[in-house]
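Everything on this sheet refers to the single structure shown next.
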Amino acid sequence: MIYKDLSRFDTLFEDYLSNIALTQTQSSLIDDALSEAISLFMTYYDDLNIYTQGSYAMGTIVKPLTANQSKDGIAGEYDIDIALERESWNEPTEALVKTKQILVEEYAEKVDEKERESCVRVYHSKDAGTEVVFHADYVPIKTSLYGAYRYVAKRSDNYWADSDTKKLKRWFLDFVKERPFVQALIVILKRIRDYAGLTDALPSICVMAIVCNSYAQSDSYAEDLLEAVKRIMEIFSQPYNQIRLTIPTVNENLVRKIKVVDCNRIRIAFQGCLSMLDDELLRKGQPDLEKLREYLSDDFPNYLSDYPECLESLRKRGFGIELDGSLKIKEIEEDNKNASSVKNRIWYKYFGRGQKLKFLASRYDKTLYGIRWQVLNANGSENRRGELFKARGKDGVEGSSSNEFINYETESYDGLHWIKYYVYEKSTKKVVEIGKKFHVEVKL
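Okay, so the sequence shown: first residue is -8 according to my numbering, each after it adds one.
Structure, rendered in structure tokens:
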């Protein structure tokens, strides 16, 4: 289908993605759990290989809904799957029992009593403010022929089932190298799923399979989303026994992970989403963002006026956003500190034009990372700017700064302006740090 140009909304979707990415606190809890697992299990087994699998390993983990955001008032969960790989595991049930014994000694009542099919779960923490829960699943993996084959424990029938998530991870990360916006699309779809109350009904690996089997990169996040939601509708409009969901390296029809009764729930939810997207993005001149927020959650922006058409998107320059849990949001520092008044650390006020400002970003290795700055002047300014640019030097010329992580500006226009920055990894062109908007209020 040929769409009108939807790239105008990319800046909204980029803020949305940064809002639904894991926070640094959440990411740190994951890192801590992995480090603890390595230290703990290596004291018991000297032939153990420990690694992550699942959404965290794929860079498609989405920040869970808080209790206030969730429609049923129950906060979401986020997790890490920790593979405990050994060639010398014996019986599957024995591997699971030994794993649980080790975890109980370390974490006591935090270990889930429920006997899960292929893992042991530990509930590590619950955030007091949001009620969001973090858990880790510890998964015994048996290998054979020096790692050529991998198997996961099946408790119910006490057998090792063919399952190689390491191969799946390698395949997926190769797949996205030439498709830099696939992970973002999967994360958006997972947030729509969660907000619709379908987290358990539509497993993450099924979302990944749907996207990877039909993805053709478009010119915008909105078009990617429209096509993906249409594909979900097509899939779940079929009779259950005719649906096939497959992905390379996984030798099963993944639709078997979805209950028959949930297929209609999935279809109805995404049908409503598709109808809304069609109305708001394709049929109207100006979309009602509150309608989008009904399906995408309140993490989606709510004021279109904050995103004028002159505001350049990262995607236009080929930059994506890192969604593997490592995205940092930092405050910008203004070094001259000569404001007439200060509302807070990132909101200065000036009386009169001509003030010189020096903005500092976090320092990174220039051989590995680059940076782009962005300024949006107040509505009504002679030049609102909005484009992404290389740091300006004291002479005001783009690219003339001797240090690209320092940008110089001179106040010229009345009103409220802002500046932010994006640090990106050169090898992936993924943004790894965003400088929060620093507001500059000028009264001429």
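Where is the CB? At the ideal position from N, CA and C, for every residue including glycine.
Contact set for residue 291: own chain, Cβ-Cβ below 6 Å, skip 5 residues either direction: 7, 283, 284
Bounding residues of the beta strand (DSSP E) (the contiguous stretch that carries residue 144): 140 to 145
Boundaries of the beta strand (DSSP E) in which residue 423 is found, first to last residue: 421 to 434
Member of 19, 221, 131 whose CA lies at the smallest distance from the CA of residue 318: 19
Whole-number beta carbon distance between residue 74 and residue 132, since they are thought to touch under 8 Å: 5 Å
Proximity below 8 Å, CB of residue 56 to CB of residue 332: no
Under 8 Å between C-beta atoms of residue 197 and residue 164: no
Residue of 205, 42, 409, 427 minimising C-alpha distance to residue 25: The residue among 205, 42, 409, 427 with its C-alpha nearest the C-alpha of residue 25 is 42.
Within 8 Å, strictly: CB atoms of residue 90 and residue 111: yes
Burial state of residue 191, where buried means 16 or more other Cβ atoms lie within 10 Å: exposed
When 357, 330, 355 are compared against residue 345, the one with the closest alpha-carbon: 330
Cut-off 7 Å between Cβ atoms - residues of its own chain near residue -1, not counting five sequence neighbours on either side: 300
Of the residues 53, 3, 79, the one placed nearest residue 39, counting alpha carbons only: 79
Whole-Å CB distance - residue 264 paired with residue 220, under 8 Å assumed: 6 Å
Test item: CB-CB of residue 105 and residue 114 under 8 Å: no
Alpha-carbon spacing of residue 155 relative to residue 143, whole angstroms: C-alpha separation (whole angstroms): 8 Å.
Backbone secondary structure at residue 131 - three-state DSSP: strand
CA-to-CA distance, residue 50 to residue 36, given in whole angstroms: 29 Å
Rounded separation between residue 310 and residue 4 - CA only: 13 Å
Short Cβ contact (8 Å threshold) for residue 47 with residue 316: yes
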